[in-house]
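Residue numbers (my numbering): 395 to 1025.
We put the CB at the ideal spot given by N, CA and C, even for glycine.
Please read these numbers as outputs of a predicted model, since none were measured by experiment.
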Ligand code: MSK
């Protein structure tokens, strides 16, 4: 029963992709589908995590006939080291993004390019960190807070101050297990040192450092990224937008913002919205300028400005294949190098803006705090001038798009509760009504859907099918990253999709005026989810591990996802993976990341590459948590 609402199916998305692939063939460029074929089958040693290329005596590969590398490293050591290096790569990447956000706050000023937008959030953080605020200029406070934030990356002693926000029980576990995160940079360097040739060979120690390194991301670098972005660009609140390739406009100048750091996209949006630039676009025959986002940048600008979302990771080439993109501007992370040669096949201009992501066949305009507006103006102007250069023979824009309600930060979720129920309870700023929905059984629990899409499985299929099954079973979903984008493409961020829910969740959606999948932002915003479960556990008076809440990354692919999975598990949340974590060549490693971490921190991985089975496992996991609570 869908009562007027029709979800876009994966088959329909694949039909759009197949039509766009015809354009790729016509212009003579390879796309990811071609490269997957060329790379298949993948190297079995790499896939199982038992290829070691950490020193130049190798590469060494583990087989029954050669069970040790030249130095004597076993499968357990090699798989453990590879796993920790992935976690460290992810923690470094998120955290460096976070560091850039802190620098922007440090550089902010009343008359500069970056300003304090959410002063309340800044003042709250200042209070939390003991920074005086009374009778001080807001920018003096901002600079002092930013300096403390920057020092967290390299502090010589002590632990991440962001962990002060965790429950007492979590802090105790992290101390007892010796995984309380120290300086972010130190945890990443320690991971690289431990995995160097001739250092840690013990798989258990490698997994413990993976947890610690992950925690320095989720309760360190990523949290800094989210908090500083909110202070600078505004804390997201629920708002309406649209998602999928149908948001590209035939008669407008289309500019795609792709990547992660909102410092770039915020400036492009600001400049493009100006009357001067809209008029400039019209002077070239366009109806105006249409800014859209891809990947996590889409999440950032959608939830703060309602900018429409063109899609997720594996949709980036498809967006350019529409032939109507005047410019694609990127900052860092998840950018296919193939965007370079692909853009050359069209009139599309490709701009890189960060020294962290230099890509051939792009125009490099490094964006700094000082020149941000000038760089954005150059890009937007050149995109307008590019509009008349389209080739009509290469144009095809798929029609599919859905309404999407986005911007459910913790504050956004509480704002909905305050409006609907808390005001009657005479108690604002609490998750108690949500908890009552769970204890009464109206909602069975919640799942955090996160992560990328990955051609190792049918792209977006696992995300969408799992989400549909969960909401049908009265499980509310919070989503970030490309998982949130998959929901958007299928219409699951549309409030009308409540018709797909079970009776309980449908009632909650109607009462609170929310969709069944709550968009919480980008990859770094999984830190919001950590604060959400912490807030709920505190309001409920139980441990995070007891909540009927789990994480799920059915199509993950990046090192960042490994770091995320480590901090989500360390925070006490069982995490269900649909892609093998590349350690299956070591029985000890498989045991450590499932059973081992459960003994240490109360949560672990559950791995199943069959989405049908994965969703059954998730529902069973949630019901087991409920039974243990006696609800
Ligand atoms: S963008 S890390 S593909 S979620 Fe954050 Fe998407 Fe994964 Fe990149």
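- With a 10 Å radius around its C-beta and 16 neighbouring C-beta atoms as the bar for buried, classify residue 638 as buried or exposed. Counted from its first residue, the chain shown places residue 638 at position 244. So residue 638 ends up on the buried side.
- Message: Counting C-beta neighbours from all protein chains within 10 Å, is the total for residue 471 16 or more, i.e. buried, or is it exposed?
- Response: As a working mapping, residue 471 is identified with position 77 in the chain shown. When all chains shown are included, residue 471 counts as buried.
- Message: DSSP three-state label for residue 857, please.
- Response: In the chain shown, the residue the question calls residue 857 occupies position 463. Here residue 857 sits in helix by DSSP.
- Cα-Cα separation between residue 887 and residue 827, rounded to whole angstroms: Residue numbering aside, residue 887 sits at position 493 when the chain shown is read from its first letter. Residue numbering aside, residue 827 sits at position 433 when the chain shown is read from its first letter. Each residue's Cα considered, the two are about 22 Å apart.
- Message: Quick check on residue 864: does DSSP put it in helix, strand or coil?
- Response: Against the chain shown, residue 864 aligns to sequence position 470. Helix, per DSSP.
- Would you say the beta carbon of residue 875 comes nearer than 6 Å to a heavy atom of the ligand MSK? Along the chain shown, one-based indexing puts residue 875 at 481. For the ligand MSK, at least one heavy atom lies less than 6 Å from the Cβ of residue 875.
- For residue 535, does the three-state DSSP call read helix, strand or coil? Counting from 1 along the chain shown, the entry for residue 535 is found at position 141. Helix.
- Beta-carbon proximity list for residue 761, same chain, < 6 Å, skipping 5 on both sides: The residue labelled residue 761 in the question sits at position 367 within the chain shown. Excluding residues within five positions, the ones whose Cβ falls inside 6 Å are 658, 747, 769.
- Task: Using three-state DSSP, classify residue 395 as helix, strand or coil.
- Result: Position 1 of the chain shown, counted from the first residue, corresponds to residue 395. Residue placement at residue 395 is poorly supported in this model, since its pLDDT is 44, which falls under 50; the coordinates still yield a value, given next. In the structure shown, residue 395 sits in coil (DSSP, three-state: anything other than H, G, I, E or B).
- Query: Could you give the residue range of the alpha helix (DSSP H) that holds residue 745?
  - Reply: Within the chain shown, residue 745 is the residue found at index 351, counting from 1. Annotation: residue 745 is outside any alpha helix (DSSP H); the continuous beta strand (DSSP E) that includes it extends over 743-746.
- Task: Just tell me which of 604, 710, 917, 653 has its CA closest to the CA of residue 975.
- Result: Numbered from its first residue, the chain shown carries residue 975 at position 581. Closest by alpha carbon: 604.
- Message: Once DSSP output is grouped into helix, strand and coil, what is the label at residue 763?
- Response: Within the chain shown, the letter at position 369 stands for residue 763. In this structure, residue 763 counts as coil in the three-state DSSP scheme.
- Three-state secondary structure assigned by DSSP to residue 590: Here residue 590 refers to the residue found at position 196 of the chain shown. In the structure shown, residue 590 sits in coil (DSSP, three-state: anything other than H, G, I, E or B).
- Item | In chain order, each alpha helix (DSSP H) run of at least 4 residues that lies wholly inside the segment 752-805 | 766-780
- Let me know the beta strand (DSSP E) ranges lying completely inside the segment 628-703, each 3 residues or longer, listed in chain order. List check, beta strand (DSSP E) in window: 633-637, 647-652, 683-688.
- Message: I want to check one thing, is the minimum distance from the CB of residue 551 to the heavy atoms of the ligand MSK below 6 Å?
- Response: Position 157 of the chain shown, counting from 1, holds the residue named residue 551. No.
- Around the Cβ of residue 919, are there at least 16 other Cβ atoms within 10 angstroms (buried) or fewer (exposed)? Within the chain shown, the letter at position 525 stands for residue 919. By the neighbour-count rule (16 or more Cβ atoms within 10 Å), residue 919 is buried.
- Burial state of residue 395, where buried means 16 or more other Cβ atoms lie within 10 Å: Position 1 of the chain shown, counted from the start, is the residue given in the question as residue 395. Summary for residue 395: the model assigns pLDDT 44, below 50, so the residue's position carries little reliability, and this model does not support an answer.
- Message: Following a CB-centred definition, is residue 730 positioned closer than 6 Å to any heavy atom of the ligand MSK?
- Response: Along the chain shown, one-based indexing puts residue 730 at 336. No, since every heavy atom of the ligand MSK falls outside the 6 Å radius drawn around the Cβ of residue 730.
- Close-in-space but distant-in-sequence residues of the same chain around residue 991 (CB under 8 Å, 5 per side omitted): Taking the first residue of the chain shown as 1, we reach residue 991 at position 597. Only 601, 605, 963, 964, 997, 998, 999 meet the Cβ criterion.
- Residues bridged to residue 722 by DSSP? For this step, residue 722 is matched to residue 328 along the chain shown. Residue 722 is bridged to 650, 744.
- Item | Beta-carbon proximity list for residue 736, same chain, < 7 Å, skipping 5 on both sides | As a first step, residue 736 must be located in the chain shown, where it is residue number 342. Excluding positions up to five away in sequence, the list reads 423, 711, 714.
- Message: Following a CB-centred definition, is residue 767 positioned closer than 6 Å to any heavy atom of the ligand MSK?
- Response: Translated into positions along the chain shown, residue 767 becomes position 373. Not so, every heavy atom of the ligand MSK lies at least 6 Å from the Cβ.
- Query: What is the rounded straight-line gap between the Cα of residue 484 and the Cα of residue 403?
  - Reply: Sequence index remark: in the chain shown, residue 484 carries index 90 (1-based). Sequence index remark: in the chain shown, residue 403 carries index 9 (1-based). Straight-line spacing of the CA atoms in residue 484 and residue 403 works out to 31 Å.
- Quick one: what's residue 482 bridged to in DSSP? For the purposes of this step, residue 482 is taken as residue 88 along the chain shown, with counting starting at 1. Looking at the DSSP assignment, residue 482 forms no beta bridge with any residue, so it has no partner.
- Item | Residue closest to residue 908, alpha-carbon to alpha-carbon, out of 833, 797, 933 | Mapped onto the chain shown, residue 908 falls at position 514. That would be 797, whose Cα lies nearest to the Cα of residue 908.
- Query: Among 837, 546, 749, which has the Cα closest to the Cα of residue 724?
  - Reply: For the purposes of this step, residue 724 is taken as residue 330 along the chain shown, with counting starting at 1. Considering only alpha carbons, the answer is 749.
- Smallest Cα separation from residue 861: which of 824, 913, 831, 823? For this step, residue 861 is matched to residue 467 along the chain shown. Comparing Cα-Cα distances from residue 861 to each of 824, 913, 831, 823, the minimum goes to 913.
- Message: For residue 947, list the residues DSSP reports as bridge partners.
- Response: Against the chain shown, residue 947 aligns to sequence position 553. Its beta-bridge partners are 971.
- Message: Taking 6 Å as the cut-off, is the C-beta of residue 952 nearer than that to any heavy atom in the ligand MSK?
- Response: Reading the chain shown from its first residue, position 558 is the one you call residue 952. Yes - the ligand MSK has a heavy atom lying nearer than 6 Å to the Cβ of residue 952.
- Message: Can you look up residue 824 in the DSSP assignment and give me helix, strand or coil?
- Response: As a working mapping, residue 824 is identified with position 430 in the chain shown. DSSP places residue 824 in coil when its eight states are reduced to three.
- Going by DSSP, which residues form a beta bridge with residue 873? Position 479 of the chain shown, counting from 1, holds the residue named residue 873. The partner list for residue 873 (beta bridge, DSSP) reads 843, 913.
- Is it buried or exposed for residue 479, if we count other Cβ within 10 angstroms and need 16 for buried? Position 85 of the chain shown, counting from 1, holds the residue named residue 479. With 16 or more other Cβ atoms within 10 Å, it is buried.
- Is any heavy atom in the ligand MSK found nearer than 6 Å to the beta carbon of residue 781? As a working mapping, residue 781 is identified with position 387 in the chain shown. No, the Cβ of residue 781 stays beyond 6 Å of every heavy atom of the ligand MSK.
- residue 894: which of 864, 905, 923, 882 sits nearest, CA to CA? On the chain shown, position 500 is the one that residue 894 refers to. When each option's Cα is compared against that of residue 894, the closest is 864.
- Item | At least three beta-carbon pairs within less than 8 Å, the segment 446-460 to the segment 680-698 | no
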